[in-house]
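**Student:** Taken in sequence, the protein lines are chains V and L.
Under numbering that gives the first Met the number 0, read the first sequence as residues 0 to 466, first letter to last.
Under numbering that gives the first Met the number 0, read the second sequence as residues 0 to 253, first letter to last.
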Amino acid sequence: MPSGVEMSMELKEQSRSGEDVFIERFEDLIGPNTNGSESEWTLNRRNAIQVFAQNGFPNKKSESYKYTPVTKWLQSQLKNGMHTAAGSSVQSGNLKNEALPTPLLDESEVRGEPSSLENMKGLHVHATNGLIRGSLSEALPTGLIICSFKQALVDHPKLLSEYLTKAVVLERDPFAALASAFAEDGILIFVPAGLEVEKAIVIHHDALFSNSLIQARLLVVAEEGTKVNVIEHFPFLDAGSSFENRVAEVFAGKGARVDHVLVMERNDQTLFVNSLFVHQDANSFFRTNTVTLGGGLVRHNLNFLPDAEECETHLHGLYVAKGTAHVDNHTLVDHAKPNCFSNEIFKGIVTNQAVGVFNGKVLVRQDAQKTNAYQSSKCIVLDRGARTYAKPELEIYADDVKCSHGATTGELDEDALFYLRARGIHPDAAKLMLLEAFAKDIIGLIDFDEVRNYLYQRLHGLLTVTK
Amino acid sequence: MLEIKNLHVSIEEDGTEILKGLNLKVGSGEVHAIMGPNGSGKSTLASVLAGKDGYEVTNGTVAFCGDDLLELAADERAREGLFLAFQYPIELPGVSMSNFLKQAVQSVREHQGKEALTSGALLQMMKEKAALVHLDPALKSRSVNEGFSGGEKKRNEIFQLAMLEPKFAILDETDSGLDIDALRIVADGVNHLRSPERSFLLITHYQRLLDYIVPDFVHVLMNGRIVMTGGKELALELEEKGYDWIKDETTQLA
Ligand SMILES: Nc1ncnc2c1ncn2[C@@H]1O[C@H](COP(=O)(O)OP(=O)(O)O)[C@@H](O)[C@H]1O
Ligand SMILES: [Mg+2]
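Structure representation (structure tokens):
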């Protein structure tokens, strides 16, 4: 049995709070700081667990989790005996060099069906519990590094100490703090100055230990003048009620162009907290397209800090929440410097008893003159049982800015439906056409044909059975 | 083909009665024009015939080719061969013209027991029918009605009519807002589509359209009823004298 499962704890006692479980777990893992000569990374982790201990999980008073009961979900999963330390046993290494031995697989590891994203042109990375499994599909361009943190610690220690956890604001979110404390390993993507990576880097998060807590971590460093596309796929896995608390950090250097797509399709018992922290240097371009088509409770914490002039930031998001799913997109664009542009477009389709939440905060600090910041959130509610909450927040301290926001929620347009039906189109087909048209706005913004086509297919399947 | 008897229709929301005992019979291949002042209930009649929600039929019957039209859902009516050219065509961002037409044509054909068109045949048909109303074939890759000019929207309605080949077509003020050239194009298209198996109900505000599409009958709709029926000369008379004299006449009759 791999150690990840050996170390896991049966957490059936109800007396301890969720926080204590993790704090004790951390102490077991790291031990007390006896000689004071620990690595910076370990010190960072100690700091993170302290911040987590101080803040605790969100409770009823936590404004930013008002509509999203993550803690309740988590506690019920802990009671049901979720493994809390899975993942640390998975071997990984530097993909640059040679094929790695296949890691030990546990019988509780669940892998997804190969999806069509497997076949797209790209540099494919497969991950179990957020850690690289096996070898890369092909040789990497010179200078590009895709490897585990553990490998990086040996080969490129400076890189990690320079960047890892530096974009995360621990105080902002207890889940980010928790994940930072448990960040034993992760995936590093490093694009050296001037390199334009032609093929997309496609990370298939396609295997998990079942019923486990997984704190996966991704660090993307794109130096000055680089171009890189990172596509992350979290496909459907029959992995029980796992909790993935993952943190991704992205550093876009001067003039860099970083394009990110995340496709979330986990099963309906999955708790998924995705914290993305993006730091942008001057003249950089960053875009994410966060597409949520599955999961039980999904919370995206998307944080952007354009920290120099002339940055361009695009946040696109689409979600389809069905059944009893709960999907929450929580975004913050923190405009700290002048002459930046940000545009945020989120669209959602919510049906059955599902819940859709959108919270978009745009902060324009006093120095950030000539900021252009736009935000729009649109949600279609197909069922009386479904609920949505939208809260745009503009906080502007500079006087010469252009900002706008709009949030709409409504049913499918009756007149549009009638128009289609008046042409002989069956009501279900008509609804599907309108929903696909609605979603197309977002999917159409993705650069890769293969990804767009994959998403259109998935959407078609999802919405066809949606009444 | 279509027989409306004593049709009473109210707005569902507030119960206001709009149509108050309307009678109309349209035979195969006939072209009927309905004229009437604004707000007299012309679009309401069109909507009720097409099966739009929001109206309540409180009395009366509508037979379409022998069937009870009011029993059918809007999409079933369309598949049975009823077509409404909208007074205000709806814009459908993200729904391409070609997908829209494909879905519509194939649904209707399937229902009528015709074989599905190959995409090649469908494309060819689109090309021919678009030419009929001088519609730029490039429009087919655009979203339905999105960014179309007023005239293009109206011509697009006739284009769809041509694609779906209905038995009975209602044109709700297809002429309004068109300049004389566009009006001619639309009228030529409609005339081209006239046939002994296809009937038309032209709803219009102006006599002008009827110079180009010559109707068999002209009806005047006022206060929710057909108050007068005549030949094509009636349209000219209405153009000249307006509607007030009819009001006088009908009140005298009452
Ligand atoms: N959906 C509706 N809700 C409320 N009132 C309506 C509705 N449809 C029509 N009406 C009213 O019914 C009357 C007839 O309208 P309409 O049929 O559009 O007339 P026309 O097409 O002859 O100008 C008008 O007074 C209009 O305001
Ligand atoms: Mg009208």
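Ideal placement from N, C-alpha and C gives every residue a C-beta, glycine not left out.
Would residue 179 of chain V and residue 43 of chain V be called neighbours here (beta carbons separated by less than 8 Å)?
**Tutor:** In contact: residue 179 of chain V and residue 43 of chain V (Cβ atoms closer than 8 Å).
**Student:** I'd like to know if residue 85 of chain V contacts chain L, where contact means its C-beta is closer than 8 Å to some C-beta of that chain.
**Tutor:** In this predicted model, residue 85 of chain V has a pLDDT of only 40, less than 50, meaning its place in the structure is not dependable; the value taken from the coordinates is given anyway. No, its Cβ sits nowhere closer than 8 Å to a Cβ of chain L.
**Student:** Using a threshold of 7 Å, is the CB atom of residue 46 of chain L nearer than that to any non-hydrogen atom of ligand 2?
**Tutor:** Residue 46 of chain L Cβ: outside cutoff for every heavy atom of ligand 2.
**Student:** When the Cα atoms are used, what is the spatial distance from residue 96 of chain V to residue 197 of chain V?
**Tutor:** Confidence at residue 96 of chain V is low in this model, with a pLDDT of 26, below 50, so the placement of that residue is unreliable and no value is reported for it.
**Student:** Could you tell me whether the segment 262-278 of chain V touches the segment 240-254 of chain V, using the rule of 3 or more Cβ pairs below 8 Å?
**Tutor:** Touching, per the Cβ criterion.
**Student:** Who are the near neighbours of residue 376 of chain V in its chain, counting only those whose CB is closer than 7 Å to its CB and skipping five residues on each side?
**Tutor:** Cβ neighbours of residue 376 of chain V beyond the five flanking positions: 345, 357, 359, 389, 391 and 406.
**Student:** Can you say whether residue 85 of chain V is buried or exposed, counting buried as having 16 or more other CB atoms within 10 angstroms of its CB?
**Tutor:** Summary for residue 85 of chain V: the model assigns pLDDT 40, below 50, so the residue's position carries little reliability; its value from the coordinates is reported in the next sentence. By the neighbour-count rule (16 or more Cβ atoms within 10 Å), residue 85 of chain V is buried.
**Student:** Would a check of beta-carbon distances place residue 51 of chain L closer than 8 Å to chain V?
**Tutor:** By this cut-off, residue 51 of chain L is an interface position.
**Student:** Kindly provide the ranges of any beta strand (DSSP E) runs that are 3 or more residues long and lie completely inside the segment 231-289 of chain V, ordered along the chain.
**Tutor:** Complete beta strand (DSSP E) runs here, min 3: 242-251, 256-263 and 270-279.
**Student:** For a contact defined as C-beta to C-beta under 9 Å, what are the partners of residue 233 of chain V on chain L?
**Tutor:** Ordered by position in chain L, no residue passes the 9 Å Cβ test against residue 233 of chain V, which lies about 26 Å from the chain.
**Student:** Within the 8 Å Cβ cut-off, does residue 119 of chain L reach chain V?
**Tutor:** So, not an interface residue.
**Student:** Find the residues of chain L that neighbour residue 426 of chain V, judging by a C-beta separation of less than 7 Å, and give them in chain order.
**Tutor:** Near residue 426 of chain V (Cβ distances below 7 Å), the residues of chain L are 74.
**Student:** Which residue wins for smallest C-alpha separation from residue 142 of chain L, given the options V/204, V/435 and V/217?
**Tutor:** When only C-alpha atoms are compared, the closest one is V/435.
**Student:** Listed in chain order, which residues of the segment 322-347 of chain V have Cβ atoms closer than 8 Å to some Cβ of chain L?
**Tutor:** Listed by position, the residues of the segment 322-347 of chain V near chain L (Cβ gap below 8 Å) amount to none.
**Student:** Based on Cα-Cα distance, which residue from L/190, L/224, L/239 and L/121 lies nearest to residue 215 of chain L?
**Tutor:** Per the Cα distances, L/190.
**Student:** Note down, in chain order, every chain L residue with its Cβ under 7 Å from the Cβ of residue 439 of chain V.
**Tutor:** Per Cβ cutoff of 7 Å: 93.
**Student:** Which of the three DSSP states, helix, strand or coil, is assigned to residue 92 of chain L?
**Tutor:** Here residue 92 of chain L sits in strand by DSSP.
**Student:** How close, in whole Å, do the beta carbons of residue 116 of chain V and residue 144 of chain V come, if the pair is a contact with beta carbons under 8 Å?
**Tutor:** That belief does not hold up - the Cβ atoms of residue 116 of chain V and residue 144 of chain V are roughly 23 Å apart, past 8 Å.
**Student:** Could you check what DSSP says for residue 238 of chain L in three-state terms: helix, strand or coil?
**Tutor:** In this structure, residue 238 of chain L counts as helix in the three-state DSSP scheme.
**Student:** Report yes or no: do three or more beta-carbon pairs, one from the segment 171-178 of chain L and one from the segment 128-148 of chain L, lie closer than 8 Å?
**Tutor:** Contact between the segment 171-178 of chain L and the segment 128-148 of chain L is absent, because fewer than three Cβ pairs lie under 8 Å.
**Student:** Anyone know if the C-beta pair for residue 152 of chain L and residue 185 of chain L falls short of 8 Å?
**Tutor:** No, the pair does not count as a contact, with Cβ atoms beyond the cut-off.
**Student:** For residue 473 of chain V, would you say it is in contact with chain L, using Cβ-to-Cβ distances shorter than 8 Å as the test?
**Tutor:** Residue coverage of chain V in this structure runs from 0 to 466, which leaves residue 473 of chain V outside it and unanswerable.
**Student:** Tell me the rounded alpha-carbon separation between residue 328 of chain V and residue 298 of chain V.
**Tutor:** Residue 328 of chain V and residue 298 of chain V: Cα-Cα distance of roughly 6 Å.
**Student:** Looking at ligand 2, does it come within less than 7 Å of residue 152 of chain L, judged from the CB to the closest heavy atom?
**Tutor:** The answer is no for residue 152 of chain L.
**Student:** Determine the burial state of residue 94 of chain V: buried for a count of at least 16 other Cβ atoms within 10 Å of its Cβ, exposed for fewer.
**Tutor:** Here the model assigns residue 94 of chain V a pLDDT of 28, short of 50, so the residue's position is not dependable, and the following value carries that caveat. The residue in question, residue 94 of chain V, is buried, as its Cβ has 16 or more Cβ neighbours within 10 Å.
**Student:** For the beta strand (DSSP E) holding residue 144 of chain V, just list the boundary residues, first then last.
**Tutor:** Run containing residue 144 of chain V: 144-147, per the beta strand (DSSP E) assignment.
**Student:** Taking only beta-carbon positions, decide if residue 159 of chain L is within less than 8 Å of chain V.
**Tutor:** Yes, residue 159 of chain L counts as interfacial toward chain V.
**Student:** Under 7 Å Cβ-Cβ, which residues of chain L neighbour residue 460 of chain V?
**Tutor:** Residues of chain L passing the Cβ test: none, with the nearest at roughly 17 Å.
**Student:** Starting from residue 74 of chain V and walking both ways along the alpha helix (DSSP H), at which residues does that stretch end?
**Tutor:** Here the alpha helix (DSSP H) through residue 74 of chain V covers 69-78.
**Student:** Please state the DSSP three-state secondary structure of residue 193 of chain L.
**Tutor:** Correct three-state label for residue 193 of chain L: coil.
**Student:** How is residue 10 of chain V classed by DSSP in three states: helix, strand or coil?
**Tutor:** Annotation note: pLDDT 38 at residue 10 of chain V (below 50); position unreliable, no value reported.
**Student:** Residues of chain V with CB closer than 7 Å to the CB of residue 194 of chain L, please, in chain order.
**Tutor:** Simply none; closest approach about 19 Å.
**Student:** Hey, which unbroken runs of the beta strand (DSSP E) at 3 residues or more fall wholly within the segment 25-87 of chain L?
**Tutor:** Correct list: 30-34, 54-63 and 81-84.
**Student:** In whole angstroms, give me the CA-to-CA distance for residue 235 of chain V and residue 420 of chain V.
**Tutor:** Approximately 34 Å, taken between the alpha carbons.
**Student:** What residue does the beta strand (DSSP E) around residue 459 of chain V start on, and which one ends it?
**Tutor:** Careful: residue 459 of chain V lies outside any beta strand (DSSP E), inside the alpha helix (DSSP H) at 448-463.
**Student:** Let me check understanding here. Comparing Cα to Cα, which of L/159, L/219 and L/165 lies closest to residue 198 of chain L?
**Tutor:** Among L/159, L/219 and L/165, the Cα nearest to that of residue 198 of chain L is on L/165.
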